[in-house]
DNA sequence: GTCTATACCACGATAGAC
DNA sequence: GTCTATCGTGGTATAGAC
């Protein structure tokens, strides 16, 4: 449900920022808009977040933590291709449900890649691939292929680039083909 | 070579904008910065471009035209998998050489997808896949898989998400696997 | 911990002189 | 076709009263 246990202001601020960024997009996020959503003045926020970058950073941490948690949860006790498949679908689901937070994971200046969870996510994927594979060689290229496909699909779909015809099941087909290729 | 046969100033402005956006990124592009690069005042630009959106639009047109031309050129008289491969590599090369323009092709609000060339690019890909395939069914899913992989790889690579280890040949491997899967 | 007030900056855009 | 001057907006951030 909610990101974290709610204490006082800092979390309320983060929640308001999250709400704005997910419902109105990144350009709408400013110290002013967050403050307005809380019925407060922008200058008040600086008591709780040193500057705008600190707010972005907190959102980045939230993104990385949430995605890692959801992928681990989806993986559960699964193993082999089923594990990888479940994790990939959890990744796509997160990106669809929280497109703005997802940008912090994958976008150029993303505030999430300084988070330790980002590294953990990468290792989780590498591990899942290793469990599918019979060989013991470096699985980095395989992980790159999988990640590239997922991210590309998510981005283009979210941008509406597949047009009226839609992707026509390409996600499932591509994912199945890639995971199968690992075994 | 050049986008249009226009007179003098409009193209000089477009060139200056292109230079800024490719060398300093999108945030650095403003009517002021373009004007400064030309040794002129910002207000002067409005004689040649009605507003900022018109400038963006011109860049979008440039992006779509350039990419289409380079993909057609790469395809040449090739056929079968070789044709598809050459086009895919031309796509990647364009994205690498002109990362800012590429964003107009693939990014959410991209100013290029209203261009007729964008449709032409899509059809070019669909046609190339059809030439690889023995079946006559709808190749939309295949095109979506290919495009997703290419775009995802380009984006994550440009964002430095592959880290110090690098992609380790994943582009070539993934592309080969996908194209092979079409035959 | 929030308020008012303010400073500073950069942006897009227009009016009117030259 | 470019200039100066100016306007309005909206962003980050600080100082100091309450």
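Residue numbers (my numbering), protein chains in the order written: chain G, 1 to 183; chain P, 1001 to 1183. Glycine included, every Cβ here is placed at the ideal spot set by N, Cα and C. As the structure is a computational prediction, the values presented were derived from the model and not from experiment.
Suppose only complete runs of 4+ residues qualify. What are the alpha helix (DSSP H) ranges in the stretch 107-165 of chain G, listed by chain order?
Within the stretch 107-165 of chain G, the runs of alpha helix (DSSP H) at least 4 residues long that lie entirely inside it are, in chain order, 116-132 and 140-158.
When Cβ atoms are compared, which residues of the stretch 1056-1071 of chain P fall closer than 9 angstroms to chain G?
Near chain G, meaning a CB-to-CB distance below 9 angstroms, no residue of the stretch 1056-1071 of chain P qualifies.
Own chain residues within Cβ distance below 7 angstroms of residue 139(G), not counting five before or after
Excluding positions up to five away in sequence, the list reads 126, 129, 130 and 133.
Rounded to whole angstroms, what is the Cα-Cα separation between residue 1034(P) and residue 1055(P)?
Roughly 10 angstroms separates the two Cα atoms.
Got a sec: is the Cβ-Cβ distance from residue 149(G) to anything in chain P below 7 angstroms?
Yes, residue 149(G) lies at the interface with chain P (some Cβ there is under 7 angstroms from its Cβ).
If residue 146(G) and residue 88(G) are in contact, beta carbons under 8 angstroms, what's the gap, nearest whole angstrom?
Correct: roughly 7 angstroms between the Cβ atoms.
Three-state secondary structure (DSSP) of residue 86(G):
DSSP places residue 86(G) in helix when its eight states are reduced to three.
Element boundaries [alpha helix (DSSP H), containing residue 69(G)]:
Residues 52-75.
On a CA-only basis, which of 1036(P), 1102(P), 1165(P) and 1066(P) is nearest residue 1025(P)? Give me that one, please.
Measuring from the Cα of residue 1025(P), the nearest candidate turns out to be 1102(P).
Outcome for residue 43(G) when other beta-carbon atoms lying within 10 angstroms are tallied against a minimum of 16:
Under this definition residue 43(G) is an exposed residue.
What is the residue span of the alpha helix (DSSP H) that residue 173(G) lies within?
Note, residue 173(G): alpha helix (DSSP H), 170-182.
Taking only the alpha-carbon atoms, compute the straight-line gap between residue 1022(P) and residue 1098(P) and give it to the nearest angstrom.
If you draw a straight line from the Cα of residue 1022(P) to the Cα of residue 1098(P), it is about 7 angstroms long.
Evaluate the contact criterion for the stretch 63-74 of chain G versus the stretch 110-123 of chain G: three or more CB pairs, one atom per stretch, below 8 angstroms.
Short answer: they touch.
Apply the 10 Å Cβ neighbour rule to residue 1161(P) and answer buried if 16 or more other Cβ atoms are within range, or exposed otherwise.
Buried, since its Cβ has 16 or more Cβ neighbours within 10 Å.
For residue 141(G) and residue 182(G), I'd like the C-alpha separation in whole angstroms.
About 11 angstroms.
Can you tell which of 1175(P), 1165(P), 1124(P) and 1122(P) has its C-alpha closest to the C-alpha of residue 148(G)?
Distances from the alpha-carbon of residue 148(G) to those of 1175(P), 1165(P), 1124(P) and 1122(P) put 1175(P) closest.
DSSP state of residue 79(G) mapped onto helix, strand, coil
When DSSP states are grouped into helix, strand and coil, residue 79(G) belongs to the coil group.
Proximity to residue 155(G) [Cα-Cα], best of 49(G), 106(G) and 135(G):
Nearest C-alpha to residue 155(G): 106(G).
Since residue 112(G) contacts residue 1108(P) with CB under 8 angstroms, what's their CB separation in whole angstroms?
Residue 112(G) to residue 1108(P), Cβ: 19 angstroms. No contact.
How is residue 167(G) classed by DSSP in three states: helix, strand or coil?
DSSP places residue 167(G) outside both helix and strand once states are collapsed to three, so it counts as coil.
Residue burial classification, residue 153(G) (beta-carbon count within 10 angstroms, cutoff 16)
Under this definition residue 153(G) is a buried residue.
Chain G contacts from the stretch 1165-1176 of chain P (Cβ-Cβ distance under 7 angstroms):
Residues are counted here when their Cβ sits less than 7 angstroms from a Cβ of chain G; for the stretch 1165-1176 of chain P these are 1165, 1167, 1168, 1169, 1170, 1173 and 1174, given in chain order.
Quick check on residue 91(G) - is its C-beta less than 7 angstroms from some C-beta in chain P?
No, residue 91(G) lies away from the interface with chain P (no Cβ there is under 7 angstroms from its Cβ).
Comparing C-alpha positions only, which one of 1171(P), 1028(P) and 1013(P) sits nearest to residue 1047(P)?
Considering only alpha carbons, the answer is 1013(P).
Taking a cut of 7 angstroms between CB atoms, which residues from the stretch 37-48 of chain G lie near chain P?
Per Cβ criterion, the list is empty.
Give the residues of chain P in contact with residue 182(G), contact being defined as C-beta atoms less than 9 angstroms apart.
The contacting residues do not exist; residue 182(G) stays about 11 angstroms from chain P at best.
For the alpha helix (DSSP H) containing residue 1044(P), name the first residue and the last one.
That run of the alpha helix (DSSP H) goes 1042-1045.
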